[in-house]
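Chains as they are written, first to last, in our numbering: chain X, 1 to 254; chain W, 1001 to 1254; chain R, 2001 to 2254; chain A, 3001 to 3254.
Ideal placement from N, C-alpha and C gives every residue a C-beta, glycine not left out.
Predicted model, so just to flag it, every value in this text is computed and none were measured.
Remarks on the structure that follows.
Protein chains: 4
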Amino acid sequence: MNIDLNSDLGESFGAWRMGDDAAMLAVVSSANVACGFHAGDPAGILQTLRSAAAQGVCIGAHVSYPDLVGFGRRNMDMASADLQASVIYQIGALQGLATAAGTRVRYVKPHGALYNFIAHDARQAADVIAAVKAVDPSLGLVVLAGSALAGWAREAGLRTIEEAFADRGYRADGSLVPRNQPGAVLHDPEAVAARMLQLARDGTVTAVDGSVVRVAADSICVHGDSPGAVTMAQRVRERLTADGITIRSFMDAA
Amino acid sequence: MNIDLNSDLGESFGAWRMGDDAAMLAVVSSANVACGFHAGDPAGILQTLRSAAAQGVCIGAHVSYPDLVGFGRRNMDMASADLQASVIYQIGALQGLATAAGTRVRYVKPHGALYNFIAHDARQAADVIAAVKAVDPSLGLVVLAGSALAGWAREAGLRTIEEAFADRGYRADGSLVPRNQPGAVLHDPEAVAARMLQLARDGTVTAVDGSVVRVAADSICVHGDSPGAVTMAQRVRERLTADGITIRSFMDAA
Amino acid sequence: MNIDLNSDLGESFGAWRMGDDAAMLAVVSSANVACGFHAGDPAGILQTLRSAAAQGVCIGAHVSYPDLVGFGRRNMDMASADLQASVIYQIGALQGLATAAGTRVRYVKPHGALYNFIAHDARQAADVIAAVKAVDPSLGLVVLAGSALAGWAREAGLRTIEEAFADRGYRADGSLVPRNQPGAVLHDPEAVAARMLQLARDGTVTAVDGSVVRVAADSICVHGDSPGAVTMAQRVRERLTADGITIRSFMDAA
Amino acid sequence: MNIDLNSDLGESFGAWRMGDDAAMLAVVSSANVACGFHAGDPAGILQTLRSAAAQGVCIGAHVSYPDLVGFGRRNMDMASADLQASVIYQIGALQGLATAAGTRVRYVKPHGALYNFIAHDARQAADVIAAVKAVDPSLGLVVLAGSALAGWAREAGLRTIEEAFADRGYRADGSLVPRNQPGAVLHDPEAVAARMLQLARDGTVTAVDGSVVRVAADSICVHGDSPGAVTMAQRVRERLTADGITIRSFMDAA
């Protein structure tokens, strides 16, 4: 039995540090690497890619709206031609750096506002799907588990990876508890680890209302942007492996 | 007998237009396409790449210092790690867009201040050479004819293309007349076309002092940033082809 | 009798040119000068301000979302703290440059997507109003004639200037014909000039359905981004002045 | 007896944190606030200005080359028109935000590569001086103690503040030990505090060769970019005030 752990990396920018890439590369099997549009400068990205390659971690392009100061977290009504080309540009840039690091880009994960928006917006979702296919149709696409995007991507023929979030609460319908509501974010590493074990074993999570809901996830997203987050991610990994579950990239899984 | 004509393309940015890419793609055999650091946005670059592909024009990555507002024309003392990664990033981004356009990147040409500086600066030249090799060692590198960089690139094993400038005056030692001196820039299309014919035929140009100097050029750079420049480029092409010289990419030449 | 003519200026950026500022400064009484967020670099803005000062043209800050590549034309869901501070930053930057040019900023006009969005969005409108008041409550605010923003700005105590668009069609309710519908944009300079004379004289325009609708405008926006646009703007000015109407800034009018 | 302590603040950018502004505002009398060209986004700058205003800390514009990814630490050969206008733009932007924060900009301090370069480069120094005078000739200019710039600024009529660096070693001629040489940076808070007491009391520092050298400094620059740096800055302040020296802005000193 195996599952993937993914995390956002390469998010430093110039003189500014973010996250502990070294620590997280020892935890995850998949690294969503920033491509310069919401975070990441070329030299920093290359360094992260080299570390990921050395650790055998699978690499994904963490593509975003072009919004450094907003960290890609603001909705932006990009025209299709702009969005498609921007996604292609970012994937290509990361492919170039990955080649220089002796590795390669295996999948794409949209970031921030783009991630949330295309989970349900058909037009921009189609743009991202078209962009991925235009560069390399063998790339995987990581999406919110149970989202409309999952269906669209699969129909388009993309290898589609549905992901759950380790530190987020779920509602009875399998959707995430919105961030402005109680129970949206979980803070106890042990509880989170136990939840993710249940997810990996049974394909279920316990929702905020106590009901048990099915969440079919190929990957679990863990964060590394604070010391507490790193600890939680490590605890999730320990718990899963202690239970005999292999942490392995979805791209390596058969 | 054949020679290459190259020009800088894809230099529009967002709402701002620059140059007449459509006209120039009918003139040149090689397109130095901006990669977003001095000019070019993803959608505009992709459009230029599609046109170039349709015309069968060979594509190069016109890499630059990161300086949009300065159009890459200002010297910048980038550290080696930053310069190398920035060049790799740009080549990769263009490769991604080229793949989406059904074509591919064949060579690299440094732009503006980077072009001029690495013509003689060993450290930054080594950085650019290392970057090109790290992405794809089969890429050509376009350099100033007779520059120190030509030697360094060749020693490093890169396919090195030396280029002359159609509208620039030369000194008796084969170097360009500096822009702040008389005779630096030529304006008469007929005279320029005749000079380039001599260059292609005999491998010589007539210097500002009247002497005839050897310039071994594999390619001629023509500009397209004004209606007059386009006319001059067209005249150069007409004159060369009228004389039986084939305009052909250096990457296709045996 | 007098009216104001305003136009967007200072929209070149680095090596890229846009518009004919010199020509337009001879036409308009108010210059909406870009502040660097959608267009304009410091040196270019300063040059435009110097020309405006020399011509006695009133200066406004043309504030925008931070989106150079999108020219400020894309909606962006900026948080209030970010939007307020960004508007203040832009006004301040233009004030600094205006001081250096021997003139000063008299009003603010939101640009592009921000202009259209706050015409009806109460939250972002409140942010822009708060920003203007925080810098200088004596600044005017130029808004779409008849918009909700006009009311909000007036209630907030700002000197509020309602503007009409010379080259746009109007509907029977006084709103603009949307750009994707027939009659949205007018192209005949004579017809446009005649319409603006009617607007200045009678406070009415003829709508697309032939009805005459009241549009209370303190200012008319004319464009200068193409030779045809400049000609149209000149024609509007000629027609108004020939009829005895004085072209004068709303900030100078009593 | 009094002296000024200054530090670089407002250097966070979007989602990225840098330094501990709150802690440093309790230590210094002058805050060099980033203006968005090397660091600082509008909302973050405004927050820092509000805190500085609340603490009664004097505010300076920390102007830089336009180079976010390089944090303004890379030399850039900007043309005079561009450099002047860029400095004016930054001062103006900060003035706008300072007004909104209920305070005002009192001085200018060049940052990073610009600081080091204009300490000895006459052309760019003249550009910065001209820019400051064009916005507000009553602004002070903070410069490296003993630099050529100090003389140029004073000749130009600017109120010129010479500064020493708390954590840097000096050579027998009063210049800083270059960063790539032993003794360039000091790490012991007690030793640094004792040195700065000597500087404030006697106007001297002990150079790396043991000689006592005169350094006439109106201000001492302390850093706050790490917990250790904050501790050192606090220790310098404590030592000076314990000895009866008042920490006071040079702009308030008679």
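Task: For A/Ala3022, the residue or residues it bridges with in DSSP - done: What you label residue 3022 of chain A is simply residue 22 of the fourth sequence in a count that begins at 1. For A/Ala3022, which the question treats as bridged, DSSP gives no partner whatsoever.
- Query: To the nearest angstrom, how far is it from the Cα of X/Ala22 to the Cα of R/Ser2086?
  - Reply: As a working note, residue 22 of chain X is residue 22 in the first sequence. As a working note, residue 2086 of chain R is residue 86 in the third sequence. For X/Ala22 and R/Ser2086, the distance between alpha carbons rounds to 35 Å.
As a quick exercise: from R/Leu2176, R/Ala2172, R/Leu2094, pick the residue whose alpha carbon is nearest that of R/Asp2136. Here residue 2136 of chain R refers to the residue found at position 136 of the third sequence. Nearest option by C-alpha distance: R/Leu2094.
Cβ neighbours of W/Ala1132 in the same chain (closer than 8 Å, five flanking residues each side left out):
Against the second sequence, residue 1132 of chain W aligns to sequence position 132. The displayed chain sequence assigns Val, not Ala, to residue 1132 of chain W. Spatial neighbours of W/Val1132 in its own chain (CB-CB distance under 8 Å, excluding positions within 5 residues in sequence) are listed in chain order as Val1087, Ile1091, Val1108, Leu1139, Leu1141, Leu1158.
> Are the segment 148-157 of chain X and the segment 223-236 of chain X touching by the rule of at least three beta carbon pairs closer than 8 Å?
Replying inline: No, the segment 148-157 of chain X does not touch the segment 223-236 of chain X.
Inspect the beta-carbon positions of X/Ala184 and X/Cys221 and report whether they are closer than 9 Å.
One-based indexing of the first sequence puts residue 184 of chain X at position 184. One-based indexing of the first sequence puts residue 221 of chain X at position 221. No, these two residues do not count as a Cβ contact at 9 Å.
Just reading off the beta strand (DSSP E) that X/Ala31 is part of, what are its end residues?
Counting from one through the first sequence, the residue named residue 31 of chain X turns up at place 31. Per DSSP, X/Ala31 belongs to the beta strand (DSSP E) from 30-34.
_Does the structure place the segment 1117-1131 of chain W close enough to the segment 1195-1210 of chain W that three or more beta carbon pairs sit under 8 Å?_
Segments in contact, no.
So, helix, strand or coil for X/Tyr170, using DSSP?
-> The residue given as residue 170 of chain X occupies position 170 in the first sequence. Reduced to three states, the DSSP call for X/Tyr170 is strand.
Quiz prompt | Residue from X/Met1, X/Ala15, X/Ile118, X/Asp20 whose Cα sits closest to the Cα of A/Glu3011 | solution = Position 11 of the fourth sequence, counted from the first residue, corresponds to residue 3011 of chain A. For A/Glu3011, the closest of X/Met1, X/Ala15, X/Ile118, X/Asp20 by C-alpha to C-alpha distance is X/Ala15.
Run down chain W in chain order and give the residues with a C-beta less than 9 Å from the C-beta of R/Leu2144.
-> Walking along the third sequence from the start, residue 2144 of chain R turns up at place 144. Annotation: R/Leu2144 has no Cβ neighbours in chain W at a cutoff of 9 Å; minimum Cβ distance is about 21 Å.
Applying a beta-carbon distance threshold of less than 8 Å, which residues of chain R neighbour W/Val1069? Counting from one through the second sequence, the residue named residue 1069 of chain W turns up at place 69. Residues of chain R whose Cβ lies closer than 8 Å to the Cβ of W/Val1069 are, in chain order, Phe2013, Gly2014, Asp2041.
Review point. Is the shortest distance between the beta-carbon of A/Asn3075 and the beta-carbons of chain W less than 9 Å?
Key: As a working note, residue 3075 of chain A is residue 75 in the fourth sequence. A/Asn3075 counts as touching chain W.
Item to check | Length of the line joining the Cα atoms of X/Asp8 and A/Pro3189 | outcome: Here the question's residue 8 of chain X lines up with position 8 in the first sequence. Here the question's residue 3189 of chain A lines up with position 189 in the fourth sequence. So the two alpha carbons sit approximately 37 Å from each other.
Self-check item: Short Cβ contact (9 Å threshold) for A/Leu3025 with A/Leu3097
Solution: Reading the fourth sequence from its first residue, position 25 is the one you call residue 3025 of chain A. Reading the fourth sequence from its first residue, position 97 is the one you call residue 3097 of chain A. The answer is no: Cβ separation not under 9 Å.
_Whether or not the segment 1033-1048 of chain W and the segment 2033-2050 of chain R are in contact is what I'm after, with contact meaning three or more pairs of Cβ atoms, one per stretch, closer than 8 Å; do they touch?_
No contact exists between the segment 2033-2050 of chain R and the segment 1033-1048 of chain W.
Would a C-beta distance cut-off of 9 Å place W/Ser1219 and W/Val1057 closer than the cut-off?
-> In the second sequence, the residue the question calls residue 1219 of chain W occupies position 219. In the second sequence, the residue the question calls residue 1057 of chain W occupies position 57. Taking 9 Å as the Cβ cut-off, W/Ser1219 and W/Val1057 do not qualify as a contacting pair.
Applying a beta-carbon distance threshold of less than 8 Å, which residues of chain W neighbour A/Pro3110?
Reading the fourth sequence from its first residue, position 110 is the one you call residue 3110 of chain A. What A/Pro3110 touches in chain W: nothing, since even the nearest Cβ is about 17 Å away.
- [ ] Examine chain R for any beta-carbon lying closer than 9 Å to the beta-carbon of A/Val3135, and answer yes or no.
- [x] The residue labelled residue 3135 of chain A in the question sits at position 135 within the fourth sequence. Among the CB atoms of chain R, one or more fall inside 9 Å of the CB of A/Val3135.
| Does the beta carbon of W/Gln1198 come closer than 9 Å to any beta carbon on chain X? | Taking the first residue of the second sequence as 1, we reach residue 1198 of chain W at position 198. Cβ-Cβ to chain X under 9 Å: no for W/Gln1198.
Check: Is W/Met1018 close to chain R, meaning its C-beta is less than 9 Å from at least one C-beta of that chain?
Finding: Sequence index remark: in the second sequence, residue 1018 of chain W carries index 18 (1-based). At a cut-off of 9 Å between beta carbons, W/Met1018 contacts chain R.
**Message:** Assuming W/Arg1239 and W/Ala1193 are in contact, meaning their beta carbons sit under 8 Å apart, how far apart are those beta carbons, in whole angstroms?
**Reply:** Reading the second sequence from its first residue, position 239 is the one you call residue 1239 of chain W. Reading the second sequence from its first residue, position 193 is the one you call residue 1193 of chain W. So it is a contact: roughly 4 Å between Cβ atoms.
At a Cβ threshold of 9 Å, is R/Pro2066 touching chain X?
-> Along the third sequence, one-based indexing puts residue 2066 of chain R at 66. With 9 Å as the cut-off, R/Pro2066 counts as an interface residue toward chain X.
Quiz item: Along chain W, in chain order, which residues have C-beta atoms closer than 9 Å to that of X/Leu158?
Solution: Along the first sequence, one-based indexing puts residue 158 of chain X at 158. Per Cβ cutoff of 9 Å: no residues; X/Leu158 is ~15 Å from chain W at best.
task = Would you identify the three-state DSSP class for X/Tyr89, choosing helix, strand or coil?
result = The count along the first sequence starts at 1 and reaches residue 89 of chain X at position 89. Here X/Tyr89 carries a helix assignment [DSSP, helix/strand/coil].
query: How is W/Thr1103 classed by DSSP in three states: helix, strand or coil?
result: As a working note, residue 1103 of chain W is residue 103 in the second sequence. Three-state DSSP puts W/Thr1103 in coil, outside helix and strand.
> Once you ignore the five residues that flank W/Met1076 on each side, which residues in its own chain have a CB closer than 6 Å to its CB?
Replying inline: Residue mapping note: residue 1076 of chain W aligns to position 76 of the second sequence, counting from 1. Same-chain partners within the cutoff: Tyr1065.
When the Cα atoms are used, what is the spatial distance from X/Ala217 to X/Leu176? Here residue 217 of chain X refers to the residue found at position 217 when the first sequence is read from its first residue. Here residue 176 of chain X refers to the residue found at position 176 when the first sequence is read from its first residue. In this structure, the straight-line span from the alpha carbon of X/Ala217 to that of X/Leu176 is close to 13 Å.
Nearest neighbour of W/Arg1123, chosen from W/Ala1081, W/Arg1074, W/Ala1053, W/Ala1134 [CA to CA]: Locating residue 1123 of chain W in the second sequence gives position 123, counting from the first residue. Of the listed residues, the one whose Cα sits closest to W/Arg1123 is W/Ala1081.
- Quick one: using the 10 Å Cβ neighbour count with 16 as the cut-off for buried, is X/Gln181 buried or exposed? Along the first sequence, one-based indexing puts residue 181 of chain X at 181. Burial call: exposed.
By the criterion of Cβ-Cβ separation under 9 Å, what are the contact partners of A/Met3078 in chain D?
-> The chain labelled as chain D is not found among the protein chains of the depicted structure, namely X, W, R and A.
Does W/Ala1131 come within less than 9 Å of chain A when only Cβ atoms are used? Indexing the second sequence from 1 puts residue 1131 of chain W at position 131. Not one chain A Cβ lies under 9 Å of W/Ala1131.
*Delimiting residues of the alpha helix (DSSP H) encompassing R/Gly2258*: One cannot answer for residue 2258 of chain R here, as it falls past the ends of chain R, which runs 2001 to 2254.
Cα-Cα, which of X/Leu114, X/Ala79, X/Thr48, X/Arg73 is closest to X/Thr99? Indexing the first sequence from 1 puts residue 99 of chain X at position 99. Nearest to X/Thr99 by alpha-carbon distance, out of X/Leu114, X/Ala79, X/Thr48, X/Arg73, is X/Thr48.
Need the endpoints of the beta strand (DSSP E) that R/Glu2163 sits in, please. Position 163 of the third sequence, counted from the first residue, corresponds to residue 2163 of chain R. Taken as a continuous stretch (DSSP letters only), the beta strand (DSSP E) holding R/Glu2163 covers 2159-2165.
Through-space distance from W/Ile1247 to W/Val1028, alpha-carbon basis
Residue numbering aside, residue 1028 of chain W sits at position 28 when the second sequence is read from its first letter. Residue numbering aside, residue 1247 of chain W sits at position 247 when the second sequence is read from its first letter. Approximately 8 Å, taken between the alpha carbons.
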